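J.: Here it is: the structure, laid out below.
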Amino acid sequence: MHCQVFLLYSTCTCWTLSLRSSYRSVLYIVPFTKVEESFFVQAVHDLYKSPFINSGYDHLAFPGVVPRSFVSPLLISALLSPIRLFTNATEGIWLQVASRLVLGWAVAWANSRLRSAIRIRFGGTTAAWYGVFCICQFHMTFWTSRMLGNTIALVPMLLAQACWIDGRRFTAMTVLLAFTAIVLRFDTVVFAAVMVLSSIQCLTWQSVRRTVLAAAGFVALTVIVDSYYWQTAWMWPEFHVFRFNVVEQRSSEWGVSPAHFYVTYFMPRLLLGALPFAISGVALSVDAAKLAVPYIAAIAVFSANPHKEWRFIVYVVPVFNICAALGIAKLLRHRRIRTLARLTAVGVSAASFAAVVLMTYVSSLNYPGGHALSALHRIATSSNAHVHIDTYSAMTGVTRFGQTRSDWIYDKTEDLMPPQFSNFTHLLTSEPGLHKDEFLVSTAVSGYAGVRLQPKAILSGHLPIAIQQKPLVYIMQNVNL
Numbered sequence: 002m003h004c005q006v007f008l009l010y011s012t013c014t015c016w017t018l019s020l021r022s023s024y025r026s027v028l029y030i031v032p033f034t035k036v037e038e039s040f041f042v043q044a045v046h047d048l049y050k051s052p053f054i055n056s057g058y059d060h061l062a063f064p065g066v067v068p069r070s071f072v073s074p075l076l077i078s079a080l081l082s083p084i085r086l087f088t089n090a091t092e093g094i095w096l097q098v099a100s101r102l103v104l105g106w107a108v109a110w111a112n113s114r115l116r117s118a119i120r121i122r123f124g125g126t127t128a129a130w131y132g133v134f135c136i137c138q139f140h141m142t143f144w145t146s147r148m149l150g151n152t153i154a155l156v157p158m159l160l161a162q163a164c165w166i167d168g169r170r171f172t173a174m175t176v177l178l179a180f181t182a183i184v185l186r187f188d189t190v191v192f193a194a195v196m197v198l199s200s201i202q203c204l205t206w207q208s209v210r211r212t213v214l215a216a217a218g219f220v221a222l223t224v225i226v227d228s229y230y231w232q233t234a235w236m237w238p239e240f241h242v243f244r245f246n247v248v249e250q251r252s253s254e255w256g257v258s259p260a261h262f263y264v265t266y267f268m269p270r271l272l273l274g275a276l277p278f279a280i281s282g283v284a285l286s287v288d289a290a291k292l293a294v295p296y297i298a299a300i301a302v303f304s305a306n307p308h309k310e311w312r313f314i315v316y317v318v319p320v321f322n323i324c325a326a327l328g329i330a331k332l333l334r335h336r337r338i339r340t341l342a343r344l345t346a347v348g349v350s351a352a353s354f355a356a357v358v359l360m361t362y363v364s365s366l367n368y369p370g371g372h373a374l375s376a377l378h379r380i381a382t383s384s385n386a387h388v389h390i391d392t393y394s395a396m397t398g399v400t401r402f403g404q405t406r407s408d409w410i411y412d413k414t415e416d417l418m419p420p421q422f423s424n425f426t427h428l429l430t431s432e433p434g435l436h437k438d439e440f441l442v443s444t445a446v447s448g449y450a451g452v453r454l455q456p457k458a459i460l461s462g463h464l465p466i467a468i469q470q471k472p473l474v475y476i477m478q479n480v481n482l
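In this text, residue positions in the sequence shown follow my numbering: the first is 2, and each later residue adds one.
Shown next, in the form of structure tokens:
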């Protein structure tokens, strides 16, 4: 018995280290960020450079469609501040990596709290398999350290789910959910509603009072902080997001998908190998069914919105991973199918991990702008360079952290006319033909261009698919300057 307990504890500890190692590995392989992360990355940079608002803040020049809160970037930049004891540098991809390490650590820590709650309530086997599934999912490794509002919101959501699983910390759960919805992502109110309703038996007047008081404090916090940084009176970013998406129904401007898209497209991509075991878990385990039903209801609510993105429902992944782990634990208790179940689970998990490796490699090719800026810093030795960064380059990896030359001017002005480019010494552009009269291509950075199937390659021992690349961002130099 003691040996089994030791093995289960060792397994959980190993998976904790593996989960943290997985996001760190991905971070070092892909240090750059994309347009979806732009606000939070630039905000962390600006706050780290100076916590006091000034005209150099990126969001004043590029505010985005809707405002976002500065509360989480302020916290991340504060956690980065000890670095100032060793260096005065405020630029550098290494600082961007450090900021993402902070976020990745926070998500991994919150996930470890959830796994601890799983171990206490459902046992070590379930907790161990939960860890396996997390490591074998692309969105739980690649996106763990990415500066998305949804990833940041995943930290308190995981902690709230740990309280939910525990069943004895209802007030802590509701306070965490209130913070998430009020400050970070208003759409998490859907998940908050189903979690509270499923635990309604724990509701007391004391918990209501404490949650309401906490919610009022969170509103005050975001209004005070964001009114200052947005230089606008009574700025509550998530209220503006609510008005944009729900009241004005403008989210559809960014694309629409059929009602079944979350179930038929996003859920298989999010869960990968955990999906069949999650289904079996819901079918075989009462505990899994109780966990899944509220989240299935939440997915149904989100499905009514024409605009759909995987990140809107990423919070379901931990819950369905628990269901999958409960399903495997249930199957392993049957002696007749124990060996088959274990082999199947290991095989499916291995296939999922292989898919994660492939998807990570493909995704690493989606940041030609970031690689181009790094290449420009290596090949251009002149001082006082004036660099124009076009929209595509800015969307695929260029951030202020990467603008490391203090003697250069970096310009992201959009919709310039051809004569206006004459004053630039260098360009990062996806359309070199527009500038061929005054600029020469110094080098080109390639990126992802699709997948080509090649079944015959199996005969020679190669993969049946080929990842194609093509030049996407060009570094050009002014021939007249």
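Cβ coordinates follow ideal geometry from the N, Cα and C atoms, glycine included. Keep in mind that this is a model prediction, so the values were computed, not measured.
I believe residue 114 touches residue 163 by the beta-carbon criterion, under 8 Å. Please report the beta-carbon distance rounded to the nearest angstrom.
T.: 5 Å
J.: Quick check: residue 28 and residue 98, are their CB atoms within less than 9 Å of each other?
T.: yes
J.: Decide yes or no for the touch test of the stretch 124–142 against the stretch 326–338: beta carbon pairs closer than 8 Å, at least 3 of them.
T.: Touching, per the Cβ criterion.
J.: Excluding the five sequence neighbours on either side, which residues of its own chain have a C-beta within less than 6 Å of the C-beta of residue 370, listed in chain order?
T.: 394, 397, 398, 399, 474
J.: Provide the residue(s) that pair with residue 483 in DSSP beta bridges, ordered along the chain.
T.: Within the shown structure, residues of the chain are numbered from 2 to 482, placing residue 483 beyond reach of any answer.
J.: Where are the alpha helix (DSSP H) runs, 4 residues long or more, that stay fully inside the stretch 212–266, in chain order?
T.: 238–243
J.: DSSP three-state label for residue 9, please.
T.: Since pLDDT at residue 9 reaches only 48, below the 50 mark, its modelled position is unreliable, and no value is offered.
J.: Mark residue 432 as exposed unless 16 or more other C-beta atoms lie within 10 angstroms of its C-beta, in which case mark it buried.
T.: exposed
J.: In the DSSP assignment, what are the bridge partners of residue 453?
T.: 467
J.: Leaving aside the five residues before and after residue 5 along the sequence, list all residues of the same chain whose C-beta is less than 7 Å from its C-beta, in chain order.
T.: Legend: pLDDT at residue 5 = 46, less than 50; position of this residue unreliable, value from coordinates given subsequently. Answer for residue 5: no residue qualifies.
J.: Taking the runs of the alpha helix (DSSP H) that are 4 residues or longer, which of them lie wholly in the stretch 384–439?
T.: 392–396
J.: One question on the structure: do residue 402 and residue 66 come within less than 9 Å of each other, judged by their Cβ atoms?
T.: no
J.: Please report the distance separating the alpha-carbon of residue 8 from that of residue 120.
T.: With a pLDDT of 48 at residue 8, under the threshold of 50, the modelled position of this residue cannot be trusted, and the question is left open.
J.: Confirm, please, whether the CB-CB distance from residue 245 to residue 309 is below 9 Å.
T.: no
J.: Assuming residue 368 and residue 35 form a contact by the criterion Cβ under 8 Å, report the distance between their Cβ atoms to the nearest whole angstrom.
T.: 7 Å
J.: When you compare the stretch 371–383 with the stretch 443–453, are there three or more beta-carbon pairs, one atom per stretch, that lie closer than 8 Å?
T.: Per the Cβ contact rule, the stretch 371–383 is in contact with the stretch 443–453 (3 or more Cβ pairs under 8 Å).
J.: Starting from the Cα of residue 362, find the closest Cα among 436, 340, 450, 390 and give me that residue.
T.: 450
J.: What does residue 448 pair with, by DSSP beta-bridge criteria?
T.: 471
J.: At which residues does the alpha helix (DSSP H) containing residue 196 begin and terminate?
T.: 190–199
J.: Alpha carbon to alpha carbon, how far is residue 319 from residue 354? Give it in angstroms, no decimals.
T.: One C-alpha to the other measures close to 17 Å.
J.: As a quick exercise: from 233, 437, 116, 93, pick the residue whose alpha carbon is nearest that of residue 407.
T.: 93
J.: Let me check understanding here. Comparing Cα to Cα, which of 101, 100, 307, 199 lies closest to residue 255?
T.: Residue 307 is the option with its Cα nearest to residue 255.
J.: Identify whether residue 118 lies in helix, strand or coil by the three-state DSSP scheme.
T.: helix
J.: Going by DSSP, what residue range makes up the alpha helix (DSSP H) through residue 126?
T.: In the DSSP assignment, residue 126 falls within the alpha helix (DSSP H) that extends over 125–136.
J.: Please determine whether the Cβ atom of residue 153 lies at a distance below 8 Å from any heavy atom of the ligand FMN.
T.: The ligand FMN is not part of this structure, which contains no ligands at all.
J.: Along the alpha helix (DSSP H) that carries residue 151, what are the first and last residues, could you check?
T.: Counting along the chain, the alpha helix (DSSP H) containing residue 151 begins and ends at 150–167.
J.: Suppose you measure from the CA of residue 344 to the CA of residue 157; what does that come to, to the nearest Å?
T.: 35 Å
J.: Given residue 292, which residues of its chain have a CB within under 7 Å of its CB, disregarding the five upstream and five downstream residues?
T.: 320, 323, 324
J.: Taking 9 Å as the threshold (C-beta atoms), are residue 192 and residue 289 in contact?
T.: no
J.: Inspect the beta-carbon positions of residue 267 and residue 231 and report whether they are closer than 9 Å.
T.: For the 9 Å CB-CB criterion, residue 267 and residue 231 do not form a contact.
J.: Is it the case that the stretch 132–141 contacts the stretch 66–86, given that we only count it when at least three CB pairs across the two stretches are under 8 Å?
T.: no
J.: Excluding the 5 residues flanking residue 469 on each side, which residues of the same chain have their C-beta closer than 8 Å to its C-beta?
T.: 449, 450, 451, 452, 453
J.: For residue 175, does the three-state DSSP call read helix, strand or coil?
T.: helix
J.: Just the Cα atoms here: how many angstroms apart are residue 424 and residue 404?
T.: About 19 Å.
J.: Could you tell me the alpha carbon to alpha carbon distance between residue 348 and residue 341, rounded to whole angstroms?
T.: The straight-line gap separating the alpha-carbon atoms of residue 348 and residue 341 is approximately 10 Å.
J.: Thinking residue 70 and residue 220 are a contact (beta carbons under 8 Å), I'd like their distance in whole angstroms, please.
T.: Here residue 70 is actually not in contact with residue 220; their C-beta atoms are around 11 Å apart, not less than 8 Å.
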